[in-house]
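Q:
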Amino acid sequence: DVLSTCSHLEAVMLYARSIRGSKFVGCKCSDWISFLRDECGDCRRGPLMGEMASKSRALGTFFLRT
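In my numbering, the protein residues as written are 2 to 67.
#1: One question on the structure: do residue 51 and residue 15 come within less than 8 Å of each other, judged by their Cβ atoms?
#2: Taking the beta strand (DSSP E) that residue 60 falls in, what are its first and last residues?
#3: Can you say whether residue 42 is buried or exposed, counting buried as having 16 or more other CB atoms within 10 angstroms of its CB?
#4: Locate the alpha helix (DSSP H) running through residue 19, then write down its first and last residues.
Below you can see the structure in the form of structure tokens.
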């Protein structure tokens, strides 16, 4: 199965899931390590990604839990 061995299509799959109703909230954080350590503050209020993307123009670096 190509999808289980390769992550190149992950963005497409996440967008498809967002169309079907899944909500993905972006978490603003300075870097990946800080994100992994939960050092980014409240990630529940970030902008939405995908079909339900927030209309605001969020600036910065955002990470996503899937």
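Glycine included, C-beta positions come from ideal geometry on N, C-alpha and C.
A: In brief:
#1: Along the sequence shown, read from residue 1 onward, the residue named residue 51 stands at position 50. Along the sequence shown, read from residue 1 onward, the residue named residue 15 stands at position 14. The answer is yes: Cβ separation under 8 Å.
#2: Locating residue 60 in the sequence shown gives position 59, where the first residue counts as 1. Here residue 60 belongs to no beta strand (DSSP E), and DSSP marks it neither H nor E.
#3: Taking the sequence shown and counting its residues from 1, the one referred to as residue 42 is at position 41. Result: exposed.
#4: If you number the sequence shown from 1, residue 19 lands on position 18. Segment 11-20, the alpha helix (DSSP H) holding residue 19.
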